[in-house]
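>
Numbering (the working numbering), first residue to last: -5 to 344.
1. For residue 175, which residues in the same chain have their Cβ closer than 8 Å to its Cβ, ignoring the five residues on either side in sequence?
2. Going by beta-carbon coordinates alone, are residue 54 and residue 236 separated by less than 7 Å?
3. By the 10 Å Cβ neighbour count, where 16 or more other Cβ atoms means buried, how is residue 313 classified, buried or exposed?
4. Looking at C-alpha atoms only, which residue of 63, 25, 216, 304 is the closest neighbour of residue 194?
5. Near residue 77, what residues of its chain come up, given a Cβ to Cβ distance below 7 Å and the 5 sequence neighbours on each side ignored?
6. Quick one: grab the DSSP three-state call for residue 122.
7. Taking all protein chains shown into account, decide if residue 85 is buried (16 or more other Cβ within 10 angstroms of its Cβ) or exposed.
8. When you compare only the Cα positions, how much space is there between residue 170 and residue 295?
9. Helix, strand or coil for residue 111? Go by DSSP, reduced to three states.
10. Where in the stretch 167 to 221 do unbroken runs of the alpha helix (DSSP H), each at least 4 residues long, occur, reported from the N-terminal end onward?
11. Residue range of the alpha helix (DSSP H) that residue 224 falls in?
12. Closer than 6 Å by C-beta to residue 51: which residues in its own chain qualify, once you throw out the five before and the five after it? Chain order, please.
13. Here's the rule I'm using: 16 or more other beta-carbon atoms within 10 Å means buried, otherwise exposed. How should residue 40 be labelled?
14. Where does residue 264 land, buried or exposed, given buried means 16+ other C-beta within 10 angstroms?
15. How about residue 68 and residue 189: are their beta carbons less than 7 Å apart?
16. Out of 282, 241, 147, 184, point me to the one whose CA is closest to residue 24's CA.
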């Protein structure tokens, strides 16, 4: 009876592990691909407006989800005043990420941008602890500090100071932390499913993003751009818009099945992988011993966090289930086994 109970309870745990791992991989792949596609649009084709590209990504998200809702592929409620109040303040943090991320990128060098953005990992860990009441293990905390320290060491050759850039990136980190934590909170509380959260968030921030582009972009450069009739550019722009939707969707999936901290770390691991790849491809990487040491420290922290997240947590949950089954009285074992089977069936079909 005990073995049967343990096997039935481990089945949904295996499904949950696959969901957690696959959602993290999906987010990492989407995050990497959109970097390549955006670089193709903005650099290879020389498109002058990053913000107009963001508007295209938001628009595609709205259209795809709305059409899927009309075809009964996905479900989310119709817009109402209650939905606006329920989703707040998440759109504000999304918009803050866009605004302060762009400003900070323009004000500081790439190494310092990478180093300062690593603090969003530490801030997300703190946000999880105080808002979601989820405290990481000692090893997980150690891995986070290794990633942050490694990024600071890697940028040691470029410790330029820009107050404007530092302030913008600090606010950017706060928005990243708040975005992930609030998103997880709303998904856990069942205020929205992933589809409704993504649709209404994109819908609400589309208008402010258009206004931001009108006030900050050089509209003459956008109007006089020469490749609007280029099929290659049109395809790349549409692909980037679609990848923006997939990135936002994969972000919510990863945050829902894992945690805001795991989503932030996966994004950092992607950037680390791109940096390592740049050492051998493209010729953009300038070798520095200090930079190389810092990158490897960050890599060790990333590997350690991945091991803790996807190995120890799964084993600890299985151990808890096993311990729980050993303390049940013989008279109630049959009832407990029945409850576990019903729970496993519900999780499997959900």
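Glycine residues also receive a C-beta, built at the ideal position from the N, C-alpha and C atoms.
None of the values given here were measured: they were computed from a predicted structure.
So, to answer that:
1. 118, 121, 122, 125, 126, 254
2. yes
3. Unreliable placement is indicated for residue 313, whose pLDDT of 44 sits below 50; no coordinate value is reported for it.
4. 63
5. 71, 194
6. helix
7. buried
8. 20 Å
9. helix
10. 188 to 210, 213 to 217
11. Run containing residue 224: none; DSSP gives neither H nor E here.
12. 235, 238
13. exposed
14. buried
15. yes
16. 241
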